[in-house]
Every structure is written in structure tokens, then in C-alpha cells.
């Protein structure tokens, strides 16, 4: 890492004002030692009888090493507990991390840094010119970096291993107030030959401006006594006030528009120069205390308010490491070995000392973790790690013995070959500057290309589809293109805020548009749609979102407490919802606009232990040591039990018997079975259906077979993939073969069923939803969208539907072949429609009655957990899991994933259901397992059905992807 500091006049082997990570140094002058860091900062130590002291705010410790009373060198212990060893002349010799791993530096006869050798043997070497400047650095992988200098000892160019060159410009009079400042860095010319960055200085050599090409990110600074006026590229100004403590300039106040990222606008320091208090923009105060080493020992947030909370920390006597952190309701204890490696971490409930969660770790001699033992005691939740001779991670073995290996690294320590537990091999390749060029996973390659400045130009996926990227001279992304010729164009303001996003198709036609404005601290202020509809956002001084006003001028407002937690929200009708939190920021209570309270309780580990709701009653929860829920008991008294394997995956879900419910079903889950099953759900049994489901996978982890058995019926679905990993074929339980074709951008553009074309020539909105296709009979299907991406027109068989929207993007009108149906938020006006009235529970949100236009009243009844039991005309029954089990003469069976897999009706017979890998209903089958109907999908849109009786049919779905019309291949509406 290289650093430039305009005030660091000492220089280094990289020319004036430049230093690197390795060019730290000590300068000894009598009893004073000046420690110069890589970024040019200096700490001054003074010896008093051999003991070195510095200002109280310096957290490093310096000691001299002696032999026979003569100083032979120095050791600096840094705030990160690294030990830097220096020779008596101040030359850096080694840097050892807390765990003892040392990087060593060697020097040639001219006392010039020759090599840097890492703890595992990686070597970086340096070569010099006759003036003692580095002209070449060779990286561990052999990559060569070349450096050039001007007559003023300025570094003017770096040539990288890929032969690209970055140039540095100095002392341009227009940028130095027309004064001669030979070492003032005024610009950078990037590897593309473009002026990328510019800095300006006043006549005294202080930096007064910074910008990228075209004024991007321009920041100017005007200095006064103890204040600085900082103005950004959009003219927003802030004044910073400073104080000087122990020769360090520290901010004390800030005026101007609030900058939430700074955390406050008023700062006070203690006698040692450490932060003692910070006041945020709403006047909330956080106070701090520190020990003599600068470690924060306490922090009190929202001091003096009802929300005030204190976190105290106890520190290791030697290392800058915490040994105990005490928060409200929780204590965290940490233990370390003699090298400062964390050996144990325990989080304890302060209100129940038996409720703890403990992790333990072991290490090798190099301080690398070799074993991590999780908090559970019922299983061996242990992960093990191994390393090669160079200290690179060689393998990770999880708690069930599944091994991931990294078998090859390049000379710079970058991984080259990885193998997962299923044997899938991933190979990585890099360019000379260490940027990823390709990732080949099991023969499927993704490649990356870059320009000379290191900006990603193109990402090509295994199917040859790609995304291409364009940038402005300030290195900001301005365009994304695909290989169909579509483009997304971004317009940026000078502060890099995206003020406009426009999407164009290959002909250059605008298809979507969004504009945005930002406030003085770059927060989104307005979002403007293509029709001019504007959403406005408001914030408090701390940056919390306090209001959203939609394009209809309907405002939702929010307020926050002293800890910046949401405590109230008001909808556009001024209905208020209130929120309360416990001292650990867990949501403790929600009060809805009708004053109904839902209350939550937590233990000190953050586990929710109880929930009380006017709609669902009281539910209690228990957890294992890892935080997995192991039981919950609902208001019916029904207890659900959960079990987990050593990887914390659910393996069993069961219910304790309850006399009120005949169902005592349970579900078990299996993993890791089969040739490529490791890491995947491979089996499931559910006693409620007397069934089992198994899954098989290919090496990339893609599903190739799902076999679902219910009683005597087995439904099997097969999946096949092309060389690029795309789904190429699906074979249904009825042995129908659905094949998929793709366009150049990797999107499905054709579907066939048993060789018959269902649809083809599919087209898509640029970077968006599907817009058209041609049915197998030649009939065109077209969807239209407006410039906000909203669906405005689609066909439903021989009928065409058009939609209109209000400014808030709510559907306000629907036209069906010229017949207009208007829609409002409160009712629908359509054929034979009227007004429906609703009544709800005063203390909750459950619907109690519904009165429709003809006067018919539906009265609703519920059980204690909120399940609907009756509606005047129908009754409903539920199983122990709260799933609908009986409705009328129908009974339902759910599998262990919550999907309805069977419907039992004594008069019509059993019906069985199966689903595709995305959860779509794939088919319905009779008691013998014969297909009644199978459904064909294009993404999330149902586009066809097939059955023995009807053959292939076309399905037309509405804007919600709900099937509305079915036609035959001769376009006859059914």
C-alpha cells in the first residue's frame, strides 16, 4: 500500500511525500524518538530513565532493547497488538502480529529495503536507482511494478505487471495558487491516459480542493482559525470547528445540513484526548469513558433520557482485547490464549445465568484456527480447518464430515482450485494485477474483462450471454448493456447521485424512465416516474426516514426515539401505530391504530420467548444452545417440537398429542443422500400423508429428480440441463416432456411439449418482463408496458384487457374489449356488483362479519389462535400445525414443506398434487396416479395445460399471473 502526504516532507525510497506500508521508521534525537507511520503521521516519544512516554492519546507503547547498557533497537507495540521491531538506527526489521506471525524485512549494503518476507515465505523484492529510489518491485507471483521519477524526486509513473501505466502530476500552477510547490501532487492520469483526479492547494501548501474528471465529487475547503468551510460539488456547505489536543486537531462542532454518517455535530474530549461525549443532531448525547490505554470502558447512549443504556467493557491486561462486555440483560465473556487468540466466547443471559451460549476455538502454532466448536452440547457441532505448508487454507471439514478443499494457490496466495464436498471443482484464473479473469465451475465458465484502469468491462456467463459496462472519465458507471443491444443509461450529478435511469431497447427506443433528486447530504429526496408522478421523502436530522409522500400527496410519517428506533407511524388517514423496544433493541410491543397490543418477550440472548396477540393469543418458545427454536406452544396448548442436525438443519418436526385434535402427524427431513446430495435436502417423510419425497441432484446442485409418494401413488418429475446449466427439459409424472429454448441473453424464448410447440419467438422488455410470444398455432401474444414498467395491456384469449393507473400506480380502470370497468380503493364497480360492508374485531384485526349487496351476512368465527372456523355457511378444521385439514366434504393433506399434496373427497375420489422446483403447481392426479391435468409455466406465468382428455391447451393469465382464459389450439375459448 502506497500513501501520499503533502505535509510529509521527509520522503522515502518512493520519492518525496510518498511512503508504503513497509517504509515506517524511527528517528532518534537525544532522548526523543519520532515514530513515522506509513501514512506520514508522527508520534513522539520521550525517554525518562529508559522509559518512553508519549502524549496520553497515543495508544502505542515504545520500548528500547539494550545490551550492556547500549540501545540495540526498539520495539513498538501498536494498538492492534502488533509488535514492530526496529534497528538502533530506526530501520524497520519486522512486524509480528499478536499471534506471533512475523513479516521480516531485509536490507542491502546501502541500508535499502531489499526484501519483505511474509510469515509463510511469500517474498516481495525491491530494486533501486543510483539515487536510492525504488525503480522496481517484484511481487511474490513474479509480477513486476516499475517506478519513474522526475528531477524533483517526485514519483511520476507506475507501470503495472500488465504494462499499463498510471501517471502522477505535480506543481501545476493553476492548482497551486500560482506558487512553486515542487512536491504538491496536483493530478493523476489513469491507465487509459485520461486525467482522473485533480487536487488544488493554497499558497501555504494546504489542500483546498479535490475532484475527479469533470468536477465529479468536487470538494473545496476554506481555512480559518480553528474552522474549515467544506463545500461539496453541489454547493452544499458545512463548517467544521476544531480544537487542538496534544498536537492533534479534533472536531468539536459542525454547522450546516446534518451529516448523519458523522454521528453527531458536537464532540467533547477527556483529559487524555479521547472522545468523552457526542451529541447527535437531535440533541441526544452519548457519553464515553476510556482507560489509560485508550480502550473504551463504557458507553452510555441516549444519556439522560428514558431510553438511556450503558455498555461496559473490561479489557485484557496485555492485549487490546475485550474480556467482558456487559449490556442490558446480557454479558459476553471472552477468553484468549497467550498469543491473544480467542479460545472461548460465552454469551450469558444476565437474568438467568444458566441460559448461555458458548463457542470454543483451537489454533495451530501459526495462530490459525484449526477447530471451532459451536454452542450445542447435544451434537458435535465442530468445524475443522487444515492448512498447507505456506499457511494457506487447505480444507474445511464441517460437523458432519463434509470436506471442502482448496488444493492450489498461485504465488500471491490467491486460490486456484477448489473442490466442494460433492466433488464439484471450481478453477479460478487471474490477470497480472490479481483481478479475477475466469471462474470455471464444473465446466461452466464465467469470464471477466477489464479496461486498463481496472474497471469491469464485460461479464460473460456460461451461456455466452453477457453484461457490458461503460464508465465516464471519473470512473463512474454510466451504462449497462446486454448482448441483445439493450441499454441502461445512468445520469449522475456531481456528487455521484443517480439522478436519472433510462432503459432503451436495441433500436434506441426509451422503454423505462426514472428521475431522482437528492438533498444537501445526498439522501433521496424525490423519485419521479415517467408520467411525472412524484414520491417525496423526508428525514430527521439523524437521517431517519420520517415521511413518505406519495404522488397523490398522501403522507405516511414516522417518529423515532433517542436511540433512533421507530416508535410511531401515521398513515395518510392519521391512524397511529406505535412501537416499543426493550433495552436490546428487540421489538417489545406493537399498538395498532385501534389500540390493540401485540406484546413480545425475549431472553438475554435475543430469543423471542413469548408473543401475546389479540388475534392469536399467547405463544411461547424455547430454544437450543445455538438459538434454534426447539418448541413453541400456541394458545390452543398445542406444542410443536423441532430437532436439528449438527449443521442446524431441521430434521424433525412433530407435535405433542392433544385430545382436541386427532392428528398427531410429524415430518422428518433427510440431507446429503445420493451421489451429489451433500448440502441439499434429499428426503422427507410426513406421517400425515403416509408419504415420502426424495430429491436427486446433479453435481452443480441442480435438482434432477423429485419423487413424491403418497400412499400407493408415486409421482416422479425429472429435470435436465444444458451445458450452460439452464433447464433444458422437464419430464412430468405423466411422462410429458417439456423442452425449453433460449435467446442470446439466456432468456426462455420457446417451449415445446412432447415435440409440439407451445410457444416460441418470445421477446422481453429490456432488462425486464416478458412482452410477447407466438403460440404454437401462429397466434401472436403481446403485452404492453408504460415507461414506468407497468403492464398496460394483455390478451385474455379473444378478449383484450387494458389497465390504467393513478399516480400511485394503483389500477384505476380496466377495459375489456372496449367495456370500461372503474376501480377505486374502496369498491369495485362492475357488472352486478354493489357495495360490501365489513366489520372487524374491536380488539384485533380479525374480520367478524361481511354483508354483501343483497343483504346476505357472513358471520365469522375463530379459534383462539385466529384460525377461521366458520363463516355462517361453511365450517373449517385445522391440524395441529394450524393447516386447513377439512372444509365441507373435502379433506386436505399437507407435506412437510407446507404444500397441499392431497385432497380427499369420498364422492369424487382422491386428488394428488405435485409442484415444480419453483413451487408452482405442476400437476393434479387421480387416486391411481393418472394425470387429470398438468400445468406448463413460463417463469411465473401459467401458459398451458395438458391432459389426456383435452390435449394441449393455451392458458391466458392476467396481470397477477392468475389464469383467466383457456383456449384450444384452434383458439376456441373453453
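Residue numbers (the numbering used here): 20 to 993. Backbone N, C-alpha and C define an ideal beta-carbon position, used for all residues, glycine too.
Skipping 5 residues on each side, what residues in its chain have a beta carbon closer than 7 Å to that of residue 604? As a first step, residue 604 must be located in the chain shown, where it is residue number 585. For residue 604, where only same-chain residues beyond five positions count, the Cβ hits under 7 Å are 584.
Looking at residue 566 and residue 553, is the spacing between their C-beta atoms short of 9 Å? For the purposes of this step, residue 553 is taken as residue 534 along the chain shown, with counting starting at 1. For the purposes of this step, residue 566 is taken as residue 547 along the chain shown, with counting starting at 1. Against a cut-off of 9 Å, the Cβ pair of residue 566 and residue 553 comes out as no contact.
May I ask you to list the residues that DSSP assigns as paired with residue 269? By 1-based counting over the chain shown, the position of residue 269 is 250. In the DSSP assignment, the residues bridged to residue 269 are 262.
Residue 27 (DSSP reduced to helix, strand or coil): If you number the chain shown from 1, residue 27 lands on position 8. Of the three classes helix, strand and coil, the one that applies to residue 27 here is coil, per DSSP.
Just to confirm, is the Cβ distance from residue 607 to residue 615 under 9 Å? As a first step, residue 607 must be located in the chain shown, where it is residue number 588. As a first step, residue 615 must be located in the chain shown, where it is residue number 596. 9 Å or more divides the Cβ of residue 607 from the Cβ of residue 615.
Relative to the C-alpha of residue 155, which candidate in 142, 945, 161, 166 has its C-alpha closest? Along the chain shown, one-based indexing puts residue 155 at 136. Answer by Cα proximity: 166.
Looking at the secondary structure, which residues open and close the beta strand (DSSP E) in which residue 37 lies? As a first step, residue 37 must be located in the chain shown, where it is residue number 18. Counting along the chain, residue 37 sits inside the beta strand (DSSP E) bounded by residues 37-39.
Can you tell me whether residue 947 is buried or exposed, with buried defined as 16 or more other CB within 10 angstroms of its CB? For this step, residue 947 is matched to residue 928 along the chain shown. Counting every other CB atom within 10 Å of its CB across the protein chains shown gives residue 947 a total below 16, marking it as exposed.
Consult DSSP for residue 65 and reduce its assignment to one of helix, strand or coil. Position 46 of the chain shown, counting from 1, holds the residue named residue 65. The DSSP-derived three-state label of residue 65 is strand.
Output the residue ranges of the beta strand (DSSP E) runs that lie fully inside the segment 621-685 and measure 3 residues or longer, sorted by chain position. Taken in chain order, the unbroken stretches of beta strand (DSSP E) that lie wholly in the segment 621-685 and span 3 residues or more are 627-632, 636-642, 648-652, 658-663, 669-674.
Heavy atom of the ligand ZN within 8 Å of residue 693 beta-carbon: With respect to the ligand ZN, the structure offers nothing, as it holds no ligand at all.
Under DSSP, the beta strand (DSSP E) around residue 728 begins and ends at which residues? As a first step, residue 728 must be located in the chain shown, where it is residue number 709. Note, residue 728: beta strand (DSSP E), 722-729.
Within 10 angstroms of the Cβ of residue 871, are there 16 or more other Cβ atoms? Answer buried if so, exposed if not. Indexing the chain shown from 1 puts residue 871 at position 852. When all chains shown are included, residue 871 counts as exposed.
Can you give me the C-alpha to C-alpha distance between residue 402 and residue 139, rounded to a whole angstrom? Taking the first residue of the chain shown as 1, we reach residue 402 at position 383. Taking the first residue of the chain shown as 1, we reach residue 139 at position 120. Their Cα atoms are separated by approximately 24 Å.
Go ahead and label residue 20 buried or exposed: buried means 16 or more other beta carbons lie within 10 angstroms of its beta carbon, across all protein chains shown. In the chain shown, residue 20 corresponds to position 1, counting from 1. Exposed: under 16 other Cβ atoms inside 10 Å.
Helix, strand or coil, according to DSSP, for residue 306 in the structure here? Along the chain shown, one-based indexing puts residue 306 at 287. DSSP, read as helix, strand or coil, puts residue 306 in strand.
Once the 5 residues before and after residue 909 are set aside, which same chain residues still bring their CB inside 8 Å of it? Locating residue 909 in the chain shown gives position 890, counting from the first residue. Hits under 8 Å: 922, 923, 924.
Minimum C-alpha distance to residue 709 - residue among 693, 803, 686: As a position in the chain shown, residue 709 is number 690, starting the count at 1. Residue 686 holds the alpha-carbon nearest to the alpha-carbon of residue 709 among 693, 803, 686.
When burial is assigned at 16 or more other CB atoms within 10 Å of the CB, is residue 836 buried or exposed? Taking the first residue of the chain shown as 1, we reach residue 836 at position 817. That one is exposed.
Per DSSP, residue 577 is paired with what? Walking along the chain shown from the start, residue 577 turns up at place 558. In the DSSP output, where bridge partners are listed per residue, residue 577 has 588.
Looking at the strands, I want to know which residues DSSP matches up with residue 392. Walking along the chain shown from the start, residue 392 turns up at place 373. Bridge partners of residue 392: 379, 401.
Out of curiosity, what's the CA-to-CA distance linking residue 8 and residue 813? Limits of the chain in this structure are 20 at one end and 993 at the other, which puts residue 8 out of reach.
Please state the DSSP three-state secondary structure of residue 94. Start at 1 with the first residue of the chain shown, and residue 94 comes out as number 75. Look at residue 94 here: in three-state DSSP terms it is strand.
Just to confirm, is the Cβ distance from residue 78 to residue 313 under 9 Å? If you number the chain shown from 1, residue 78 lands on position 59. If you number the chain shown from 1, residue 313 lands on position 294. Taking 9 Å as the Cβ cut-off, residue 78 and residue 313 qualify as a contacting pair.
By alpha-carbon positions, which one of 521, 543, 544 ends up nearest to residue 533? Residue mapping note: residue 533 aligns to position 514 of the chain shown, counting from 1. Measuring C-alpha to C-alpha distances from residue 533 to each of 521, 543, 544 identifies 521 as the nearest.
What number of angstroms, rounded off, separates the C-alpha of residue 346 from the C-alpha of residue 640? Here residue 346 refers to the residue found at position 327 of the chain shown. Here residue 640 refers to the residue found at position 621 of the chain shown. Cα-Cα distance, rounded: 23 Å.
Less than 9 Å between the C-beta atoms of residue 262 and residue 271, yes or no? The count along the chain shown starts at 1 and reaches residue 262 at position 243. The count along the chain shown starts at 1 and reaches residue 271 at position 252. For residue 262 and residue 271, yes; Cβs fall inside 9 Å.
Buried or exposed (CB count within 10 angstroms, at least 16 for buried), residue 36: The residue labelled residue 36 in the question sits at position 17 within the chain shown. Here residue 36 is buried, its C-beta having at least 16 other C-beta atoms within 10 Å.
Would you call the CB atoms of residue 443 and residue 695 closer than 9 Å? Position 424 of the chain shown holds residue 443. Position 676 of the chain shown holds residue 695. Result yes, Cβ atoms of residue 443 and residue 695 sit closer than 9 Å.
For residue 185, the first and last residue of its enclosing beta strand (DSSP E): One-based indexing of the chain shown puts residue 185 at position 166. 184-189 is the extent of the beta strand (DSSP E) around residue 185.
For residue 794 versus residue 815, is the C-beta distance shorter than 9 Å? By one-based count along the chain shown, residue 794 stands at place 775. By one-based count along the chain shown, residue 815 stands at place 796. Judged by their CB atoms, residue 794 and residue 815 are not nearer to each other than the 9 Å cut-off.
Would residue 590 be called buried (16 or more neighbouring beta carbons within 10 Å of its own) or exposed? Position 571 of the chain shown, counted from the first residue, corresponds to residue 590. Residue 590 is exposed by the Cβ-count criterion.
Which value, in whole angstroms, describes the spacing of the CA atoms of residue 901 and residue 877? Against the chain shown, residue 901 aligns to sequence position 882. Against the chain shown, residue 877 aligns to sequence position 858. So the alpha carbons of these two residues sit roughly 22 Å apart.
Residues that DSSP places opposite residue 178 in a beta bridge: Indexing the chain shown from 1 puts residue 178 at position 159. Answer is 165, 184.
Local Cβ density within 10 Å of residue 674, reported as buried at 16 or more and exposed below that: One-based indexing of the chain shown puts residue 674 at position 655. It is buried - the Cβ of residue 674 has at least 16 other Cβ atoms within 10 Å.
Spell out the partners DSSP gives residue 738 in its beta bridges. Taking the first residue of the chain shown as 1, we reach residue 738 at position 719. Residue 738 is bridged to 749.
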